[in-house]
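Colleague: This is the structure, below, for whatever I ask next.
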Amino acid sequence: MSQLNNFELGELFRDLRLARGLKMKDIANEHLSQSQLSKFENGQTMLSADKLLIAISAIHMSLAEFEQAYHQYESSSFFKLAQKVAKYHSKKDIKGLENILYTYDKFTESNDTYNQLNKLVIHCAIHNLNQDYFISKKDAELITTYLYSIEEWTEYELFI
50 MSQLNNFELG ELFRDLRLAR GLKMKDIANE HLSQSQLSKF ENGQTMLSAD KLLIAISAIH
110 MSLAEFEQAY HQYESSSFFK LAQKVAKYHS KKDIKGLENI LYTYDKFTES NDTYNQLNKL
170 VIHCAIHNLN QDYFISKKDA ELITTYLYSI EEWTEYELFI
């Protein structure tokens with residue numbers, strides 16, 4: 050399922066606001082006018098990040114909840130991958146993990162840092178089940194360097 054485009058972002062916000070029985074005047078405040086909300090909800094303009102956060106908070110949602118709605122309640126590709134890895138790892142299914150790795154290698158076009166890290170997560174899951182499965186020093190250094198370079202970890206870094 051594709052994510053909503055920017056024009057639909059305001060419409061999504063309006064739908065969520067109305068679903069909560071809130072009027073624009075309930076949301077508007079000294080930082081966000083009814084006029085700005087109206088233009089945003091009608092797709093005429095976007096809100097700045099700080100104003101969008103104020104608006105989301107005013108409809109009693111967290112940013113994470115709003116993001117889930119924005120992505121039409123589908124998990125990101127990373128979280129889908131993480132769920133598959135966890136499922137096969139818990140079942141001690143090395144062949145399943147190897148299939149995930151093969152598929153990931155075959156259909157992932159770029160070899161950027163995140164794709165390399167995602168592949169290493171799969172490698173590490175296999176290594177955890179079979180100590181003969183080799184993790185290179187270069188791969189270990191990539192993970193170590195990446196994790197030490199991040200000051201504020203998110204779910205992604207905790208997963209790694």
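Our numbering numbers the first residue of the sequence shown as 50 and each following residue consecutively. Don't be surprised by glycine CBs; every beta carbon is placed ideally from N, CA and C.
Considering only the alpha carbon of each residue, which of G70, K141, E200 and L169 lies closest to Y151?
Modeller: Counted from its first residue, the sequence shown places residue 151 at position 102. Nearest of G70, K141, E200 and L169 to Y151, Cα basis: L169.
Colleague: Smallest Cα separation from N167: which of I105, N78 and F127?
Modeller: Translated into the one-based positions of the sequence shown, residue 167 becomes position 118. Looking at the Cα atoms, F127 is the closest of the given residues.
Colleague: Grab me the residues of H80's own chain with a C-beta within less than 8 Å of its C-beta, minus the 5 sequence neighbours each way, in chain order.
Modeller: Taking the first residue of the sequence shown as position 1, residue 80 is located at position 31. If we look at H80 and ignore the five residues flanking it on each side, its Cβ neighbours are D99, K100 and I103.
Colleague: Kindly list the residues whose CB is nearer than 6 Å to the CB of G59, restricted to its own chain and excluding five residues on each side of it in sequence; keep chain order.
Modeller: The sequence position of residue 59 within the sequence shown is 10, counting from 1. Cβ neighbours of G59 beyond the five flanking positions: F89, E90 and G92.
Colleague: Could you check where the alpha helix (DSSP H) with G70 kicks off and where it finishes?
Modeller: Working through the sequence shown from its first residue, we reach residue 70 at position 21. First-last for G70: undefined, no H or E at that position.
Colleague: Please go through the same chain and pick out, in chain order, the residues whose beta-carbon is closer than 6 Å to the beta-carbon of L96, but skip the five residues on each side of it.
Modeller: Position 47 of the sequence shown, counting from 1, holds the residue named residue 96. Once the five neighbours on either side are set aside, the close Cβ partners of L96 are F89.
Colleague: In the structure shown, what three-state DSSP assignment does L96 receive?
Modeller: Here residue 96 is taken as the residue at index 47 of the sequence shown, counted from 1. The answer is coil: DSSP assigns L96 none of H, G, I, E or B.
Colleague: Mind pulling the alpha helix (DSSP H) runs of 4 or more residues that sit fully within the stretch 127–162?
Modeller: Within the stretch 127–162, the complete alpha helix (DSSP H) runs of at least 4 residues are 143–156.
Colleague: Taking the C-alpha atoms as reference points, what is the distance between E204 and H120?
Modeller: Translated into positions along the sequence shown, residue 204 becomes position 155. Translated into positions along the sequence shown, residue 120 becomes position 71. Each residue's Cα considered, the two are about 17 Å apart.
Colleague: Any idea what DSSP makes of N177, helix, strand or coil?
Modeller: In the sequence shown, residue 177 corresponds to position 128, counting from 1. Correct three-state label for N177: helix.
Colleague: Compute the Euclidean distance between the alpha carbons of E123 and K129, then round it to the nearest angstrom.
Modeller: Here residue 123 is taken as the residue at index 74 of the sequence shown, counted from 1. Here residue 129 is taken as the residue at index 80 of the sequence shown, counted from 1. So the alpha carbons of these two residues sit roughly 9 Å apart.
Colleague: Cα-Cα, which of N78, M110 and S82 is closest to D64?
Modeller: Here residue 64 refers to the residue found at position 15 of the sequence shown. Among N78, M110 and S82, the Cα nearest to that of D64 is on M110.
Colleague: Could you check where the alpha helix (DSSP H) with Y119 kicks off and where it finishes?
Modeller: Position 70 of the sequence shown holds residue 119. Counting along the chain, the alpha helix (DSSP H) containing Y119 begins and ends at L112 to Y119.
Colleague: Verify whether the separation of the beta carbon atoms of D188 and H172 is less than 9 Å.
Modeller: Taking the sequence shown and counting its residues from 1, the one referred to as residue 188 is at position 139. Taking the sequence shown and counting its residues from 1, the one referred to as residue 172 is at position 123. Against a cut-off of 9 Å, the Cβ pair of H172 and D188 comes out as a contact.
Colleague: Starting from the Cα of N179, find the closest Cα among S87, I143, A118 and E158 and give me that residue.
Modeller: On the sequence shown, position 130 is the one that residue 179 refers to. Among S87, I143, A118 and E158, the Cα nearest to that of N179 is on I143.
Colleague: Any idea what DSSP makes of L191, helix, strand or coil?
Modeller: One-based indexing of the sequence shown puts residue 191 at position 142. Three-state result, L191: helix.
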